[in-house]
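In what follows, a structure is listed as structure tokens, so that the remarks can point back to it.
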Amino acid sequence: MPGTRKSGLLALGGIAFAALLAVIGHVEVNDDLSPWSLTVSDYAVSDRGGVIDVAMVVLALATAALLPALHRAGATRRVGLLLLAWVGGLLLAAVVPTNEPGLPMDAAAYVHRYASVVAFLALPVGGWLLAVRLPHPAARWVRRLALTSLLLAAIMVWSAYPGDRLLIGLIERALILTEVTLIAFLAAVVAGARPLTPARGA
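This note's numbering puts the sequence shown at residues 48 to 249.
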């Protein structure tokens, strides 16, 4: 399916571009910011409208480009809705800023937080459900990435509350890296233009 393969390649290009922008956004911020203790949102708010926000939008659009191809290839409606939640969460988090580090959270910061939570949870759950439609080797990797994402999300919740934000920046970046790898892997599967079929033993 040429259209499906083209969508996968377009998504891969967008994901790579978003990753490049995110790296640039970390290099160009204030040297006083620590990636170990501050989240990506803390970095983004230091330069509103900067490259990190653009990276989130590009990643959302790259995923959106993938959705029709996944649907044509056999992804269920539930998977599509979860991936739409990932896209919407990314866009909302990019548009609505959190507060400056150290300041009390305002309404916008709560919107940003919960949009991020929705995105972080929706993608791995959607990936897990989609795995039953993938060939066995791909399904195994998608499940591993999905479980790793959920585990890192749980660790991040611990860090944010009882853990007194211990290494929250490092944990969040590991979570983001895992989830970006997951969506890139799905894009690569689509780019291979192989129809999704139930995995053996799924």
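Just so it is clear, CB atoms sit at the ideal spot from N, CA and C, and this is done for glycine as well.
Integer Cβ distance of residue i from residue j, believed to fall under 8 Å
i, j, result
"Leu176", "Thr123", "7 Å"
"Arg212", "Val87", "Rounded, the Cβ-Cβ distance is 14 Å, inconsistent with contact."
"Ala231", "Leu85", "Between Leu85 and Ala231 the Cβ distance is about 25 Å, and since that is not below 8 Å, they are no contact."
"Ala69", "Ala102", "4 Å"
"Leu108", "Gly61", "6 Å"
"Tyr90", "Val76", "5 Å"
"Leu224", "Trp83", "Actually they are not in contact, since the Cβ atoms of Leu224 and Trp83 sit about 15 Å apart, beyond 8 Å."
"Ser196", "Leu233", "Contact doesn't hold; Cβ gap of about 13 Å is too wide."
Reduced DSSP category for residue i - H, G, I as helix; E, B as strand; rest coil
i, result
"Met152", "coil"
"Leu80", "coil"
"Pro171", "helix"
"Ala54", "Here residue 54 is Ser; the residue named in the question, Ala, does not match the sequence. Three-state DSSP puts Ser54 in a helix."
"Ala249", "Confidence is the limiting factor: at Ala249 the pLDDT is only 40, short of 50, which leaves the residue's position unreliable, though a coordinate-based value still follows. Coil."
"Pro184", "helix"
"Leu68", "helix"
"Leu88", "As written in the sequence, residue 88 is Ser, which differs from the Leu given in the question. Three-state DSSP puts Ser88 in a helix."
Closest residue to residue i among the options (Cα-Cα distance)
i, options, result
"Val74", "Ala156, Ser54, Leu59 and Gly97", "Gly97"
"Thr110", "Met152, Gly55, Gly239 and Asp89", "Gly55"
"Leu194", "Phe167, Ala65, Val236 and Gly136", "Phe167"
"Gly136", "His159, Leu117, Val105 and Leu114", "His159"
"Ala116", "Leu57, Ala63 and His183", "Leu57"
"Trp133", "Ala234, Glu226 and Ala235", "Glu226"
"Leu67", "Thr51, Leu106, Pro82 and Trp83", "Leu106"
"Ser163", "Ala238, Ala141 and Pro182", "Ala141"
Distance, residue j Cα to residue i Cα
i, j, result
"Leu199", "Ala154", "26 Å"
"Leu139", "Gly72", "19 Å"
"Val204", "Ile218", "10 Å"
"Val143", "Val189", "30 Å"
"Arg252", "Leu170", "Within the shown structure, residues of the chain are numbered from 48 to 249, placing residue 252 beyond reach of any answer."
"Arg180", "Arg187", "11 Å"
"Ala207", "Gly216", "10 Å"
"Leu113", "Leu80", "34 Å"
"Ala156", "Asp100", "15 Å"
"Gly127", "Lys53", "19 Å"
"Leu129", "Val165", "9 Å"
"Pro148", "Val92", "9 Å"
"His118", "Ala65", "23 Å"
"Ala63", "Leu131", "20 Å"
"Val237", "Arg191", "18 Å"
"Pro184", "Thr145", "39 Å"
"Ala201", "Gly210", "12 Å"
"Ala178", "Ala235", "14 Å"
CB contact below 8 Å: residue i versus chain D
i, result
"Glu219", "Reference to chain D is not applicable here, since this structure consists of a single protein chain."
Quiz item: Which full runs of the alpha helix (DSSP H) of 4+ residues lie inside the region 194 to 247, going along the chain?
Solution: Runs found: 215 to 238.
Exercise. With a floor of 4 residues, list each alpha helix (DSSP H) that falls wholly inside the region 95 to 163, ordered by position along the chain.
Key: 98 to 119 and 124 to 142
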